[in-house]
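Chains as they are written, first to last, in my numbering: chain A, 1 to 347; chain B, 1001 to 1347; chain C, 2001 to 2347; chain D, 3001 to 3347.
Protein chains: 4
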Amino acid sequence: MADQKIRVAVNGYGVIGKRVADAVRVQPDMELVGVSDVVSDYRVKTAVALGIPVCTSLPDKQNEMQAAGIPVVGTLDNLLTDVEVIVDCTPKGIAAKNIDRYREAGVKSIFQGGEKHSLTGHSFVAQANYASALGRDTTRVVSCNTTSTVRTLIALRDAGLLKKARGVLIRRATDPWESDHSGIMNTVVPEEHIPSHQGPDAQTVVPELDVVTIAAKAAHTQNHNHFWIVELARAATREDVLAAFRAAPRIAFFRMSEGIVALNNSVELMKDLGRPRGDMWEVGLWEDVLDVKGDEVYYTYQVDNQAIVIPETIDAIRALTGAVTDARESIARTDAALGMKRDFLVG
Amino acid sequence: MADQKIRVAVNGYGVIGKRVADAVRVQPDMELVGVSDVVSDYRVKTAVALGIPVCTSLPDKQNEMQAAGIPVVGTLDNLLTDVEVIVDCTPKGIAAKNIDRYREAGVKSIFQGGEKHSLTGHSFVAQANYASALGRDTTRVVSCNTTSTVRTLIALRDAGLLKKARGVLIRRATDPWESDHSGIMNTVVPEEHIPSHQGPDAQTVVPELDVVTIAAKAAHTQNHNHFWIVELARAATREDVLAAFRAAPRIAFFRMSEGIVALNNSVELMKDLGRPRGDMWEVGLWEDVLDVKGDEVYYTYQVDNQAIVIPETIDAIRALTGAVTDARESIARTDAALGMKRDFLVG
Amino acid sequence: MADQKIRVAVNGYGVIGKRVADAVRVQPDMELVGVSDVVSDYRVKTAVALGIPVCTSLPDKQNEMQAAGIPVVGTLDNLLTDVEVIVDCTPKGIAAKNIDRYREAGVKSIFQGGEKHSLTGHSFVAQANYASALGRDTTRVVSCNTTSTVRTLIALRDAGLLKKARGVLIRRATDPWESDHSGIMNTVVPEEHIPSHQGPDAQTVVPELDVVTIAAKAAHTQNHNHFWIVELARAATREDVLAAFRAAPRIAFFRMSEGIVALNNSVELMKDLGRPRGDMWEVGLWEDVLDVKGDEVYYTYQVDNQAIVIPETIDAIRALTGAVTDARESIARTDAALGMKRDFLVG
Amino acid sequence: MADQKIRVAVNGYGVIGKRVADAVRVQPDMELVGVSDVVSDYRVKTAVALGIPVCTSLPDKQNEMQAAGIPVVGTLDNLLTDVEVIVDCTPKGIAAKNIDRYREAGVKSIFQGGEKHSLTGHSFVAQANYASALGRDTTRVVSCNTTSTVRTLIALRDAGLLKKARGVLIRRATDPWESDHSGIMNTVVPEEHIPSHQGPDAQTVVPELDVVTIAAKAAHTQNHNHFWIVELARAATREDVLAAFRAAPRIAFFRMSEGIVALNNSVELMKDLGRPRGDMWEVGLWEDVLDVKGDEVYYTYQVDNQAIVIPETIDAIRALTGAVTDARESIARTDAALGMKRDFLVG
């Protein structure tokens, strides 16, 4: 059966790329043929430590990478001859220059949420529009914030509960490993425009959503914290809303009463559960904070900005190749392979 | 005229108390007779450096304070015999024990927002309910978050614009000077309950407000950042809403386009303007972020949690004593003495 | 052979306890019989998720723990009847109350660095004094800072290079998961006394060390950063000093040139390498920062305060039980089982 | 006497420039003729609010500045025709391009520590080498870290106490107002080289110092924290060392016992004392932490990186113009005008 695995490459072994590589490697129906990058520092060296074949995206960089001790096995062009799908996780702006290269090589391509919808003409969240990606040559997995917004709002929509949604998104300021030139200190930085772009971005996946978002960066490095005020389409109880969330995939629960009272507790929890890199692929929703008053529901959840799009990317691989035609089946496979949960803890 | 000045004391020379003392000292119609405290550290020593008479709130502490070099001029009981009004800025919980002592001494008292409404039976925001405090023996100036909420929402109400308001309040985690046992690091901590208490607290001042708040602490030490989604009572433009805010007192404007793009910029701005302690007494509203879409207005502002209640406290002194019967006159006097602004900058 | 495994329990499933439990589970010659705790929150629930038997340290808490969904398998007293060694990782102060209980049960005990040397009369760092712990009934694994100090200074001593050492230790302020009441924000907090306690604490292990330390807490949550100025006992080159460190166990190298330029990069590196919980058990020394000028060597390294004492604790188990009499053999077994490194990266 | 005041201009109204402007304005023997800048944001607008004449350093920017509401009164070239001394506080690198312009205009110039010693051929700390700057056309006030190092080490040298000094400098990461692209988060970033540049920089002022420094950035935005280990040239007590510091200018004392236990407490203290912008111009030394053991003294102090060079800059103005020939007289004038202290508090 090994020859029937989907052959996948990852271009850009950074925050997202390394996690996509991890996730591809644990899917029984996929094979990670290699990753490609241009740098010679610890980031790429860890791919070597994990036994992943490394290619160079720029032939000019091959000597430098080899001099740094990285056994470069080929170029990105070589890699493209050997795979069906490439996941492009290069920095914003570079990806857009790569799409033609992938098309010419006859390789299907998946881009990340930093790129524009117009680059691919299709934006992807598995539970929302898997079917429309079947057989396409390219798609864009939307950003972490948008992915969580779509997951939760279509859960409400599918239960007939959603009228309109207003969200305030408190974003992490930079990544945990960044050591300079990107941090904010002892402040909050609101976005210059309200509404922020996440509302319209969610509409690239589900156009009919009535959603407005306000965003700001706060002085922490991991996980976004979303706060939502949703007007209900019909009278509903707290239990009705929770049931709607439970019925949808990739939303999992923790509780203040369990001591998960802040973003950093949940980061610890994921490490305690033995998850690779401490990742939380689910929307992490506080079950015991959610409340309904009159025709409104209020809730707050966390988004692991480094991890939440990983299962969507895995599903996108199956959708583009047509290897699995049913969204639910792909989601089930992905979630089982990663070990995703509905409740993080017993009790 | 000096004998006609309102004689004021401050009990508790901490974050709020020292600012009340500053503000009383610059009011032409008030005299700061003294402050009272129980500690011997740098906080009280700075009162000495500023030439303020210091009393001890606990006679037991007098020796310790004097040994530390603080020339204690008397006890709180002595002080009470010499003033008309005392502003109680002691830590939460202690204030409640003091109210009878003040009553017995025949001294009017003002408490801060950490105390319960039931302690005084009256909660105060100058522009909302000054008249109802006239001649009372005690009132409570509501908390920083509630003060800003009331100021902005009644501005909208008075312009006939307010239907309902939903706010997300991103609070500072601890005070800038706290060095231990109170901080949060690299996280956001949502409050355990939604709605949070600020909405009901605003209703202690203006019962008819339809307001719901969600609150969280972020990892910074100065200024709260409020994000509001307000449903309008009538069709209105962005300019209509700004005009409503401009017509109300103690809301001042800055702009992203001026480089004020975060909480810490505005802290710097206040210092640049030469304000004592870098204080911002106004609600600091981003004029160029506010926007109207359909029947909703979205806006964000900052609250200097250490300073915003100071002008309200000054007005409360005039209201309780009946020295000024018209809210607008008291507000005008306070604002002129402090140097409050409508626009922080030219242009 | 399974019946010959050392039977181990852990009392206190917190920051250190959970890591000791992990490490015991991967040692071929040890068996984790169970852990014991008193809380019912996510921390203990994750032990359940990992399949570890959980006991209650206080019988009174058993009902509460079971009500929270934790299948409590017995009490600490039950556990003590079934093990040879217990590793006490309870909070500071509680451990001291437990030692008699362990002695009465005839169980050897290991305490952590928060406890005093006088509690056990023996303080342990494997490479320094393994032999002196053989057959004892109890020992104390010294703190993270002291462990790193001893590891590095005896490496220099054993190479005949150490005259005197002066270190400035910039500590993390609180643990990454702490969400309140322990953090510091936007500040540095120096210890009240110079020299700080780490120098004398190192002398509980190696009395002859001429070492003085100065310590402060900075505003980050993970890893201590030590800066050392060491006067050399003989003329030596940079290469001589590096060779001395390479010859000693549990000091590993990274380089600024690889992009490891700050504490948080190395935290990311450990996660990238697939380490459980992202742990760094080694002293992480910057090879390319170390320099020698005249008779002094200067260097800086990181200490993962959550992880560095784990291998020492494992060795202490073997030393107390006498299962392995040679320090080098125990160290080699521990390090192989954990996957410890000399150079974190190729190159 | 007004016509005999030294006429001064400031080019660059940023962190340092605005403080130099403040300080010039309070010197009885100086007049601030104007400041010059190129930006139109809040920083320059506050100069307008303070009544300071603003020029444009680049004529091209004049329209933009005026459009923003800044009443530009002329160009930098105009300003140069009207002053004796210009203090250049432009960003690093730009200053070097300005020196010829100043020379051509016959205006004496003072640069800041971000510039190289070679630019001016003279580096300045008032108490160390005021005399050598008399009548020069230009000098460089050394950086905040170097200024504090020179102040404290020559205090020890002048008391015959200094043999050699080793310091670890924990720097603030970015300025309090910076909102993006410069911060570090939840980490410590050591400098790539040991020794760091501050030691050699101190030797540009006092060549004979035996001083080595190690530097790192920690995750806070205000004040550097220096930790020193100094080998004494003769037997001395703790009191001897304190007396040496007391005998030198611009070193002031606070105490842990007064509640000043961290960097942020002292920032609060300066605001409490009513200082403009909360500035601490003195080296802030913890009197009760300093200790002597054998032939070594250990101490720690704070450096307000935004303020400490201001009094040196004022003295440099007098030195270059020759207005005052005696260092002690200039220092005394500056310190009296600013309100500098020896002990921050009574007691």
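Don't be surprised by glycine CBs; every beta carbon is placed ideally from N, CA and C.
Here the structure is a predicted model, which means the values were calculated and not measured.
Grouping DSSP H, G and I as helix and E and B as strand, with all else coil, what is Phe245/A?
In the first sequence, the residue the question calls residue 245/A occupies position 245. Helix.
Pull up the distance between the alpha-carbon of Ile16/A and that of Ser143/A, whole angstroms please.
Locating residue 16/A in the first sequence gives position 16, where the first residue counts as 1. Locating residue 143/A in the first sequence gives position 143, where the first residue counts as 1. Distance between the alpha carbons of Ile16/A and Ser143/A: 11 Å.
In whole angstroms, what is the alpha-carbon distance linking Asn2265/C and Met2340/C?
Start at 1 with the first residue of the third sequence, and residue 2265/C comes out as number 265. Start at 1 with the first residue of the third sequence, and residue 2340/C comes out as number 340. In a straight line, the C-alpha of Asn2265/C is about 18 Å away from that of Met2340/C.
Measuring only the C-alpha atoms, how far is Ile2170/C from Lys2217/C?
Reading the third sequence from its first residue, position 170 is the one you call residue 2170/C. Reading the third sequence from its first residue, position 217 is the one you call residue 2217/C. Distance between the alpha carbons of Ile2170/C and Lys2217/C: 6 Å.
So, is the C-beta of Ser3109/D closer than 7 Å to a C-beta in chain A?
As a position in the fourth sequence, residue 3109/D is number 109, starting the count at 1. False, the Cβ-Cβ gap to chain A never drops below 7 Å.
Thinking C-beta only, is Leu3032/D closer than 7 Å to Ser3057/D?
The residue you call residue 3057/D lines up with position 57 of the fourth sequence. The residue you call residue 3032/D lines up with position 32 of the fourth sequence. No. Outside cutoff.
Using a C-beta cutoff of 7 Å, does Trp281/A count as contacting chain C?
In the first sequence, residue 281/A corresponds to position 281, counting from 1. No, Trp281/A does not count as interfacial toward chain C.
Which of the three DSSP states is assigned to Tyr13/A in this structure?
Against the first sequence, residue 13/A aligns to sequence position 13. Residue state, collapsed to three classes: coil.
Return the bridge partner residues of Gln2302/C from the DSSP annotation.
Along the third sequence, one-based indexing puts residue 2302/C at 302. For Gln2302/C, which the question treats as bridged, DSSP gives the partners Asn2225/C, Gly2284/C.
So Met3185/D packs on Ala173/A, CB below 8 Å; how close in whole Å?
Position 185 of the fourth sequence, counting from 1, holds the residue named residue 3185/D. Position 173 of the first sequence, counting from 1, holds the residue named residue 173/A. Confirmed, about 6 Å.
Determine the chain D residues that contact His224/A at a beta-carbon separation under 8 Å, and present them in chain order.
Residue numbering aside, residue 224/A sits at position 224 when the first sequence is read from its first letter. Here the premise fails: no neighbours, minimum Cβ distance about 15 Å.
Spell out whether any CB of chain A is found under 7 Å from the CB atom of Asn1264/B.
Walking along the second sequence from the start, residue 1264/B turns up at place 264. So yes, Asn1264/B belongs to the interface.
I'd like to confirm the pairing. Which residues does DSSP put opposite Leu1162/B in its beta bridges?
Sequence index remark: in the second sequence, residue 1162/B carries index 162 (1-based). Paired residue(s): Leu1232/B.
Give me the chain C residues within the contact set of Ile1184/B, using Cβ-Cβ distance strictly less than 7 Å, ordered along the chain.
In the second sequence, counting from the first residue as 1, residue 1184/B sits at position 184. What Ile1184/B touches in chain C: Ser2179, Asp2180, Gly2183.
What separation, rounded to the nearest whole angstrom, lies between the Cα atoms of Thr1221/B and Ala337/A?
On the second sequence, residue 1221/B is found 221 positions in, with the first residue counted as 1. On the first sequence, residue 337/A is found 337 positions in, with the first residue counted as 1. The straight-line gap from Cα to Cα measures roughly 42 Å.
Along the chain, where does the alpha helix (DSSP H) containing Ile70/A start, and where does it finish?
Taking the first sequence and counting its residues from 1, the one referred to as residue 70/A is at position 70. First-last for Ile70/A: undefined, no H or E at that position.
Look up Thr56/A in the DSSP assignment and give the residues it is bridged to.
One-based indexing of the first sequence puts residue 56/A at position 56. Beta-bridge pairing links Thr56/A to Asp37/A, Thr75/A.
So for Val26/A, helix, strand or coil by DSSP?
Within the first sequence, numbered from 1, the residue matching residue 26/A stands at position 26. Val26/A: coil per DSSP, three-state reduction.
Mapping DSSP to helix, strand and coil, what is Thr2213/C?
Translated into positions along the third sequence, residue 2213/C becomes position 213. Three-state DSSP puts Thr2213/C in a strand.
From Val1010/B to Gln1004/B, what distance separates their C-alpha atoms?
Translated into positions along the second sequence, residue 1010/B becomes position 10. Translated into positions along the second sequence, residue 1004/B becomes position 4. Near 19 Å, if we compare the C-alpha coordinates of Gln1004/B and Val1010/B.
From Met3280/D to Thr3146/D, what distance separates their C-alpha atoms?
Within the fourth sequence, residue 3280/D is the residue found at index 280, counting from 1. Within the fourth sequence, residue 3146/D is the residue found at index 146, counting from 1. Approximately 16 Å, taken between the alpha carbons.
Would you kindly work out how many angstroms separate the C-alpha atoms of Ala302/A and Asp272/A, rounded to a whole number?
Here residue 302/A corresponds to residue number 302 of the first sequence, with the count starting at 1. Here residue 272/A corresponds to residue number 272 of the first sequence, with the count starting at 1. The question names Ala, yet the displayed sequence has Gln at residue 302/A. Their Cα atoms are separated by approximately 17 Å.
Please classify Met3001/D: does DSSP put it in a helix, a strand, or coil?
As a position in the fourth sequence, residue 3001/D is number 1, starting the count at 1. Note on Met3001/D: pLDDT 40, under 50, position unreliable in the model; the coordinate value appears next. Reduced to three states, the DSSP call for Met3001/D is coil.
Against chain B, does Met3001/D count as a neighbour if the rule is that its beta carbon must be under 7 Å from one of theirs?
As a position in the fourth sequence, residue 3001/D is number 1, starting the count at 1. Below a pLDDT of 50, predicted positions are generally treated as unreliable, and Met3001/D, at 40, falls in that range; the measurement from the model is reported next regardless. Not one chain B Cβ lies under 7 Å of Met3001/D.
Counting C-beta neighbours from all protein chains within 10 Å, is the total for Ala67/A 16 or more, i.e. buried, or is it exposed?
For the purposes of this step, residue 67/A is taken as residue 67 along the first sequence, with counting starting at 1. Answer is exposed; the Cβ neighbour count stays below 16.
Mind checking if Asp2100/C is an interface residue toward chain D, Cβ cutoff 7 Å exclusive?
Your numbering for residue 2100/C matches position 100 in the third sequence. Chain D, which has no Cβ nearer than 7 Å to the Cβ of Asp2100/C, makes this no.
Among Met30/A, Asp60/A, Leu79/A, whose alpha-carbon lies nearest the alpha-carbon of Val54/A?
On the first sequence, position 54 is the one that residue 54/A refers to. Ranking Met30/A, Asp60/A, Leu79/A by Cα distance to Val54/A puts Leu79/A first.
Please report how far the alpha carbon of Glu3064/D lies from the alpha carbon of Val3039/D, in whole angstroms.
Counting from one through the fourth sequence, the residue named residue 3064/D turns up at place 64. Counting from one through the fourth sequence, the residue named residue 3039/D turns up at place 39. One C-alpha to the other measures close to 8 Å.
Quick check for students: name the residue ranges of the beta strand (DSSP E) that lie wholly in the stretch 96 to 150 of chain A, counting only runs of 3 or more.
Here the runs fully enclosed are 108 to 111, 138 to 141.
Which residues in the same chain have their Cβ closer than 7 Å to the Cβ of Met3270/D, if we skip the five residues on either side of it in sequence?
If you number the fourth sequence from 1, residue 3270/D lands on position 270. Taken in chain order, the residues that qualify are Gly3278, Asp3279, Met3280.
From Ile3260/D, Thr3204/D, Arg3136/D, Val3297/D, pick the residue whose C-alpha is nearest to that of Glu3239/D; which is it?
Counted from its first residue, the fourth sequence places residue 3239/D at position 239. Considering only alpha carbons, the answer is Val3297/D.
Cα separation between Thr3081/D and Ala3023/D?
Translated into the one-based positions of the fourth sequence, residue 3081/D becomes position 81. Translated into the one-based positions of the fourth sequence, residue 3023/D becomes position 23. Near 22 Å, if we compare the C-alpha coordinates of Ala3023/D and Thr3081/D.
Kindly indicate which three-state DSSP category Asp3175/D falls into: helix, strand or coil?
Here residue 3175/D corresponds to residue number 175 of the fourth sequence, with the count starting at 1. Residue state, collapsed to three classes: coil.
Under a CB-based cut-off of 7 Å, is Val3230/D close to chain A?
Reading the fourth sequence from its first residue, position 230 is the one you call residue 3230/D. Answer no: the Cβ-Cβ gap between Val3230/D and chain A never drops below 7 Å.
Can you tell me which of the three DSSP states Arg7/A falls into?
Residue numbering aside, residue 7/A sits at position 7 when the first sequence is read from its first letter. In the structure shown, Arg7/A sits in a strand (DSSP, three-state: E or B).
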